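Going down the list, the protein sequences come from chains A and B. The first sequence runs contiguously to residue 354 in the numbering used here. The second sequence runs contiguously to residue 354 in the numbering used here. Please read the structure below before turning to the comments.
There are 2 protein chains.
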Amino acid sequence: MAQRSSPTITTIAEAAGVSIASVSRVLNGLPVRAETERRVLDAAGRLGYVPNSAARTLRSARTQQIAFAVADIGNPVYLAMLREIQPVLKEAGYRLVLHSTGADTAEEVEVLRGLGQRYADGLIIVPIRVTADHVAELRRADAPVVVIGSLPEEGLADNVRTDSRRGVELALEHLTALGRRRIGFVNGPADTVPGRARAEAFRDHTARAGRPADPALVHEGQFDRETGAAAVQRMADAAEPMPDALLCANDLIALGALDALRARGLAVPGDVAVVGMDDTDLAAVSWPPLTSVSLGSAERGRRAARLLLDRLDGGADAADARVITVHPRLIVRASTGGARVVDDGSAAH
Amino acid sequence: MAQRSSPTITTIAEAAGVSIASVSRVLNGLPVRAETERRVLDAAGRLGYVPNSAARTLRSARTQQIAFAVADIGNPVYLAMLREIQPVLKEAGYRLVLHSTGADTAEEVEVLRGLGQRYADGLIIVPIRVTADHVAELRRADAPVVVIGSLPEEGLADNVRTDSRRGVELALEHLTALGRRRIGFVNGPADTVPGRARAEAFRDHTARAGRPADPALVHEGQFDRETGAAAVQRMADAAEPMPDALLCANDLIALGALDALRARGLAVPGDVAVVGMDDTDLAAVSWPPLTSVSLGSAERGRRAARLLLDRLDGGADAADARVITVHPRLIVRASTGGARVVDDGSAAH
DNA sequence: TGAACTTCTGTAAACGTTTACGGGAGATGG
DNA sequence: CCATCTCCCGTAAACGTTTACAGAAGTTCA
Chain A
6 MAQRSSPTIT TIAEAAGVSI ASVSRVLNGL PVRAETERRV LDAAGRLGYV
56 PNSAARTLRS ARTQQIAFAV ADIGNPVYLA MLREIQPVLK EAGYRLVLHS
106 TGADTAEEVE VLRGLGQRYA DGLIIVPIRV TADHVAELRR ADAPVVVIGS
156 LPEEGLADNV RTDSRRGVEL ALEHLTALGR RRIGFVNGPA DTVPGRARAE
206 AFRDHTARAG RPADPALVHE GQFDRETGAA AVQRMADAAE PMPDALLCAN
256 DLIALGALDA LRARGLAVPG DVAVVGMDDT DLAAVSWPPL TSVSLGSAER
306 GRRAARLLLD RLDGGADAAD ARVITVHPRL IVRASTGGAR VVDDGSAAH
Chain B
6 MAQRSSPTIT TIAEAAGVSI ASVSRVLNGL PVRAETERRV LDAAGRLGYV
56 PNSAARTLRS ARTQQIAFAV ADIGNPVYLA MLREIQPVLK EAGYRLVLHS
106 TGADTAEEVE VLRGLGQRYA DGLIIVPIRV TADHVAELRR ADAPVVVIGS
156 LPEEGLADNV RTDSRRGVEL ALEHLTALGR RRIGFVNGPA DTVPGRARAE
206 AFRDHTARAG RPADPALVHE GQFDRETGAA AVQRMADAAE PMPDALLCAN
256 DLIALGALDA LRARGLAVPG DVAVVGMDDT DLAAVSWPPL TSVSLGSAER
306 GRRAARLLLD RLDGGADAAD ARVITVHPRL IVRASTGGAR VVDDGSAAH
């Protein structure tokens with residue numbers, strides 16, 4: 006363990022009998038005499054030289070790191086994004102710095118501000134809410150930022166979004182086509198980006214269908230299993246009849262609902278059809294397998310990574326922020342009936 | 006976007022009318038005159054100063070980053086570790102650099118070697134195999150390393166392991182106690198660290214019980230669902246009777262087995278009891294809920310993080326590598342019968 | 001009053017790279 | 001044979017910090 010301090014470019018230069026400039030040139034593939042190259046590579050190999058990234062960064066202002074910030078990396082949606090982002094970045098020679106901020110909005114803003122430390126060349130962030138502070142920090146950001154999720158203003162940052170309204174519609178159309186008429190809706194917090202979008206879409210769609218949402222059929226909680234169970238509990242205990250279908254704002258909620266329905270002896274999809282959202286791995290594993298609206302998490306992750314790399318390569322024209330929209334698809338499984346894929350009709354790219 | 010270059014310590018010094026040394030002192034909480042402190046903080050606030058981490062690192066040789074390397078961050082086991090590691094590191098003021106190496110052993114070694122770049126103050130790694138190259142790199146590592154999983158030699162590195170042999174025993178004892186006699190075993194690759202341990206434990210235990218493992222009852226594949234399904238397929242198609250219990254080397258395999266059993270009309274646990282390993286989130290979600298051997302992934306992650314932080318604080322006595330063993334527990338769910346927890350009898354801490 | 005301390009501050013070096021600049025040596029051409 | 005051009009290479013500066021060292025100013029005490 007008593008390692009003698011590791012070799013620097015100076016050590017190599019001495020060992021090879023050349024100047025540090027030559028060493029640097031060889032190491033960076035700049036043109037040098039063959040003999041010089043040989044000597045340097047030889048010395049470097051012999052001494053086990055590895056370049057110091059801090060020095061490199063300080064001089065060149067490139068960290069070869071990209072940060073990815075989400076509320077909770079345990080959430081399968083964010084995990085799906087990460088799984089796509091990681092290989093893309095690695096391929097391009099970047100390390101991945103992961104921030105799991107928790108539900109705390111202030112921490113997200115802190116991550117944005119942290120870019121000022123210049124520990125990363127860029128950031129991909131999935132904000133749970135977008136506050137005025139977010140907007141302010143996005144404007145002054147010290148490095149390119151790609152936001153996954155909707156933004157309140159145009160031109161703030163490169164942006165990969167999904168049409169979650171359309172996702173809700175896909176689910177509702179599917180349930181309606183199956184003959185379900187009393188459709189319940191279990192949402193997460195309505196003051197979050199995804200929560201609000203889903204709530205509005207549900208309201209609009211039911212209104213448009215001439216059946217304004219019965220408040221007894223709408224439940225708001227968190228994006229977790231307990232909320233799904235609690236919603237079923239409440240609806241089953243109510244005076245009104247049980248809904249014949251439940252649209253859940255994510256798969257976790259849907260799984261909680263499945264459990265509670267089973268506990269009450271209600272058949273799925275016989276008595277109640279259940280639809281989740283996000284189409285996480287859990288959907289395929291649950292019993293019955295869960296029909297779910299895919300919001301293209303993996304694709305959004307991949308697109309975001311590419312967008313950022315593009316920006317870093319200077320490929321993007323300066324000022325104008327780019328927006329990519331990923332289209333939702335409905336993955337039909339046993340929790341509503343048959344098994345087929347219904348997409349939204351528009352091209353997926 | 007056309008940001009003027011961000012303020013440095015020099016900018017602040019000029020604005021505050023003091024020297025850069027004083028600025029640095031204020032920023033690092035060293036003693037200065039109150040008036041000086043006021044001026045510096047004022048200027049820093051006004052100009053939005055943020056310290057540059059590369060410069061800081063170059064000078065102080067501390068990156069405030071810790072790397073975590075696993076084969077596949079999509080694997081729930083590694084994810085469970087990450088979820089515990091992340092907050093511990095954040096709390097201590099470290100960023101987390103994530104490496105997902107893929108099944109490739111060479112890439113793991115590359116990560117170890119990469120420490121020479123000094124982009125991280127330490128590394129937590131979960132090797133899928135431990136080769137001679139691993140050992141060599143561990144010896145010469147440029148920063149403290151904590152290995153999660155068993156090591157072939159003592160004293161190589163701080164090490165958090167689990168007693169997976171004991172885990173296999175817990176499962177087998179449980180099944181035996183339930184009256185199961187023909188117990189099948191579905192493993193992942195036997196040349197991996199976890200695969201080998203499980204295989205040996207199964208062999209030893211059945212031998213000790215006087216019922217040496219029937220090769221027809223042992224299946225080796227990958228650590229995935231397909232392998233579970235394939236194993237059931239093969240055993241059901243064989244001339245011999247179907248086993249009355251299946252021990253699967255991880256939860257994914259078990260889920261695949263559950264699917265295949267259901268497809269063949271075999272009841273779980275009626276006809277076949279199924280046990281998984283790792284006790285991931287999936288175990289609780291599946292149907293029927295899966296009895297699983299918890300190998301304490303979360304705890305191993307947490308312990309590893311603390312061990313590393315300890316080492317970085319110089320709290321650890323130089324040379325001697327420390328070993329922590331986390332004890333397995335059996336989480337009984339419906340896939341084998343009742344619902345209770347059986348642990349291995351020794352203290353969990 | 002001046003020596004000896006304290007307390008605070010500034011100057012400058014150092015961390016390990018990359019790169020602008022200029023010089024030396026050999027080749028080419030008039 | 002000297003001017004010019006090319007090709008390599010070395011010197012030195014710069015990136016933005018932290019910190020050793022020493023000096024300035026004020027305090028204490030004989």
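Just so it is clear, CB atoms sit at the ideal spot from N, CA and C, and this is done for glycine as well. Computed from a predicted structure; not experimentally measured.
Beyond the five residues adjoining it in sequence on each side, T285(A) comes within less than 6 Å, by CB distance, of P81, D256 in the same chain, given in chain order. For a Cβ distance threshold of 8 Å, residue set L84, L87, R88, Q91 of chain B lies close to I78(A), ordered along the chain. Within the segment 237 to 320 of chain B, the complete beta strand (DSSP E) runs of at least 3 residues fall at 250 to 253, 278 to 282, 296 to 299. L314(B) and V151(B) have their C-alpha atoms some 10 Å from each other. Chain order gives the chain A residues near L287(B) as V290, where near means a beta carbon separation below 7 Å.
If the five residues before and after I336(B) are omitted, its C-beta is found closer than 8 Å to the C-beta atoms of D284, A288, T296, S297, V298, S299, V346, all from its own chain and listed in chain order.
In this structure, the beta-carbon distance from V331(B) to G301(B) falls below 7 Å. For S302(B), there are no C-beta contacts with chain A under 7 Å, since the nearest C-beta of that chain is about 12 Å from it.
Here G189(B) is buried: its Cβ has 16 or more other Cβ atoms, across all protein chains shown, within 10 Å. Cβ-Cβ separation between L260(B) and V290(A): approximately 6 Å, consistent with a contact (criterion under 8 Å). Pairing L32(A) with R208(B), the inter-Cα distance amounts to about 52 Å. Remark: fewer than three beta-carbon pairs, one from each stretch, lie closer than 8 Å, so the segment 51 to 60 of chain A and the segment 46 to 54 of chain B are not flagged as touching.
DSSP places E225(A) inside the beta strand (DSSP E), whose first and last residues are 223 to 225. In chain A, no part has a C-beta under 9 Å from the C-beta of D138(B); the shortest such distance is about 14 Å.
Residues of the segment 115 to 132 of chain B whose Cβ lies closer than 7 Å to any Cβ of chain A, in chain order: G121, Q122, R123, Y124. Under DSSP, F207(B) shares a beta bridge with no residue. Of all residues in the segment 305 to 318 of chain B, none is placed with a Cβ closer than 9 Å to any Cβ belonging to chain A. A Cβ of chain A is located within less than 7 Å of the beta carbon of S58(B).
Taken through DSSP and simplified to helix, strand or coil, Q70(B) comes out as strand. Residue range 110 to 119 is occupied by the alpha helix (DSSP H) that includes T110(A). For the options A206(A), R311(A), V23(A), the alpha carbon positioned closest to that of D168(A) is the one of A206(A). Counting along the chain, the unbroken alpha helix (DSSP H) around H139(A) starts and ends at 137 to 145.
When the beta-carbon positions are compared, D126(B) and A162(B) stay at least 7 Å from each other. Not a single C-beta of chain B is nearer than 7 Å to the C-beta of L266(A).
Residue pairing by DSSP puts F190(A) in a beta bridge opposite V223(A), L252(A). Within 10 angstroms of the beta-carbon of G226(B) lie 16 or more other beta-carbons, which makes it buried.
Cβ contact annotation for D229(B) (same chain, cutoff 6 Å, sequence separation greater than five): L257, in chain order. Neighbours of T62(B) in chain A, taken as residues whose beta carbon is under 7 Å from its own, are A59 in chain order. For S11(A), the C-beta contacts it makes with chain B under 9 Å involve G121, R123, D147, in order along the chain. The segment 101 to 111 of chain A makes contact with the segment 67 to 84 of chain A: 3 or more CB pairs, one atom from each, lie closer than 8 Å.
Closest option to D138(B), judged by alpha-carbon separation, among E115(B), L128(B), L120(B): E115(B). Residue-level contact by beta carbon fails for R327(A) and chain B, as no gap is shorter than 7 Å. Contacts between S105(A) and chain B, judged by CB atoms closer than 9 Å, involve L87, R88, Q91, P92, K95, L101 in chain order. For D196(A) and R134(A), the gap between their C-alpha atoms comes out near 7 Å.
Along the segment 161 to 187 of chain B, there is no position whose C-beta sits under 7 Å from a C-beta of chain A.
Judged by their CB atoms, V28(A) and A20(A) are not nearer to each other than the 7 Å cut-off.
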